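Participant: Protein chains in written order, with the numbering used here: chain A, 1 to 112; chain B, 1001 to 1116.
Idealized CB from N, CA, C, for every residue including glycine.
Since the model is a prediction, treat every value here as computed from it, not as a measurement.
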Amino acid sequence: GENVEQHPSTLSVQEGDSAVIKCTYSDSASNYFPWYKQELGKRPQLIIDIRSNVGEKKDQRIAVTLNKTAKHFSLHITETQPEDSAVYFCADHTSGTYKYIFGTGTRLKVLA
Amino acid sequence: EAGVVQSPRYKIIEKKQPVAFWCNPISGHNTLYWYRQNLGQGPELLIRYENEEAVDDSQLPKDRFSAERLKGVDSTLKIQPAELGDSAVYLCASSQPGQGYNSPLHFGNGTRLTVT
Chain A
1 GENVEQHPST LSVQEGDSAV IKCTYSDSAS NYFPWYKQEL GKRPQLIIDI
51 RSNVGEKKDQ RIAVTLNKTA KHFSLHITET QPEDSAVYFC ADHTSGTYKY
101 IFGTGTRLKV LA
Chain B
1001 EAGVVQSPRY KIIEKKQPVA FWCNPISGHN TLYWYRQNLG QGPELLIRYE
1051 NEEAVDDSQL PKDRFSAERL KGVDSTLKIQ PAELGDSAVY LCASSQPGQG
1101 YNSPLHFGNG TRLTVT
């Protein structure tokens, strides 16, 4: 993919509420969409990913949805906890190019 | 499995000095990436290796940056001479492409470079 827009840049939620982060991509050939969580001073870590042949994927409190027609995908975190506070990055990837394009990140703050 | 290992974790140098970063990817991962991450931004690709071949270095500022992966395993990234704007976190990542589908990136802890 050539460009990935990520919104919002910052997000504050109360503990227990849900958080949603959205990314929009431009390359219709993109077919893999991972989400990374980066805590302060630490490495980005993969938390969930989705491939273009799937519309939704869930893993406990986190889920990702993909709308190929609209070229956007979203991260959903339910029942947020203070340890969910971090910067979240989306990325898109096109098979065969091995090129990942990252979004600009969303700083999530979960208020206790 | 052991993760991607990078060293050093931190480096402070004066401008115009050289600096080098080292990365050891996850065993068996043929693809190795160097990314630069500026404060508050997402990682930006500098160079990608498939085994020992640099297959995408279009974003590498070649006047001052160089990289190598001589035996297709460890890699070094060098800056000479460093400039103030090079201050950032340099992340190494590796992946093992699977058959018919994509493989996620595994990142190291990064090297935080400060150029004074």
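Rounded to whole angstroms, how far is the Cβ of Y25 of chain A from the Cβ of D84 of chain A, which I believe are closer than 8 angstroms?
Facilitator: Their Cβ separation, rounded to whole angstroms, is 24 angstroms, which puts Y25 of chain A and D84 of chain A out of contact at 8 angstroms.
Participant: Spatial neighbours of Q1099 of chain B within its chain, please: CB distance less than 6 angstroms, with the 5 preceding and 5 following residues excluded, ordered by chain position.
Facilitator: Because the pLDDT at Q1099 of chain B is just 46, under 50, the model does not fix this residue reliably, and the value given afterwards should be weighed accordingly. Taken in chain order, the list of residues that qualify is empty.
Participant: Can you tell me the Cα-Cα spacing of T1111 of chain B and K71 of chain A, whole angstroms?
Facilitator: Going from the Cα of T1111 of chain B to the Cα of K71 of chain A covers about 34 angstroms.
Participant: Which residue's Cα is closest to the Cα of R1048 of chain B: B:S1058, B:W1022, B:Q1041?
Facilitator: Comparing Cα-Cα distances from R1048 of chain B to each of B:S1058, B:W1022, B:Q1041, the minimum goes to B:S1058.
Participant: For R1036 of chain B, count neighbouring C-beta atoms within 10 Å of its own C-beta (all shown protein chains included) and say buried if the count is 16 or more, exposed if not.
Facilitator: By the 10 Å Cβ count, R1036 of chain B comes out buried.
Participant: Got a sec? Which residues, its chain only, sit under 7 angstroms from R1069 of chain B by beta carbon, not counting five neighbours each side?
Facilitator: Result list for R1069 of chain B: L1032, Y1049, E1052, S1075, in chain order.
Participant: Starting from P34 of chain A, follow the beta strand (DSSP E) in both directions and report where the run begins and ends.
Facilitator: Per DSSP, P34 of chain A belongs to the beta strand (DSSP E) from 32–38.
Participant: Since L1113 of chain B and V1019 of chain B are thought to touch, with beta carbons under 8 angstroms apart, how far apart are those beta carbons, to the nearest angstrom?
Facilitator: L1113 of chain B to V1019 of chain B, Cβ: 6 angstroms. Contact.
Participant: Which residues does DSSP list as the beta-bridge partners of H7 of chain A?
Facilitator: Bridge partners of H7 of chain A: A:K22.
Participant: Are N31 of chain A and S74 of chain A close, meaning C-beta to C-beta below 7 angstroms?
Facilitator: Against a cut-off of 7 angstroms, the Cβ pair of S74 of chain A and N31 of chain A comes out as no contact.
Participant: Using a Cβ-Cβ cutoff of 8 angstroms, what residues of the segment 42–74 of chain A are near chain B? List them in chain order.
Facilitator: Within the segment 42–74 of chain A, the qualifying residues are K42, R43, P44, Q45, L46, D49, R51.
Participant: Anything in chain B within Cβ reach of T119 of chain A, meaning under 7 angstroms, just list it in chain order.
Facilitator: Nothing about residue 119 of chain A can be read from this structure; chain A reaches only from 1 to 112.
Participant: What does DSSP give as the partner residues of V1115 of chain B in its beta bridges?
Facilitator: Answer is B:I1013.
Participant: Just tell me which of B:V1055, B:Q1096, B:L1045, B:E1014 has its CA closest to the CA of N1030 of chain B.
Facilitator: Selected option, being the one with the closest Cα: B:Q1096.
Participant: So who's on the other strand from K99 of chain A, going by DSSP bridges?
Facilitator: According to DSSP, K99 of chain A bridges with A:T94.
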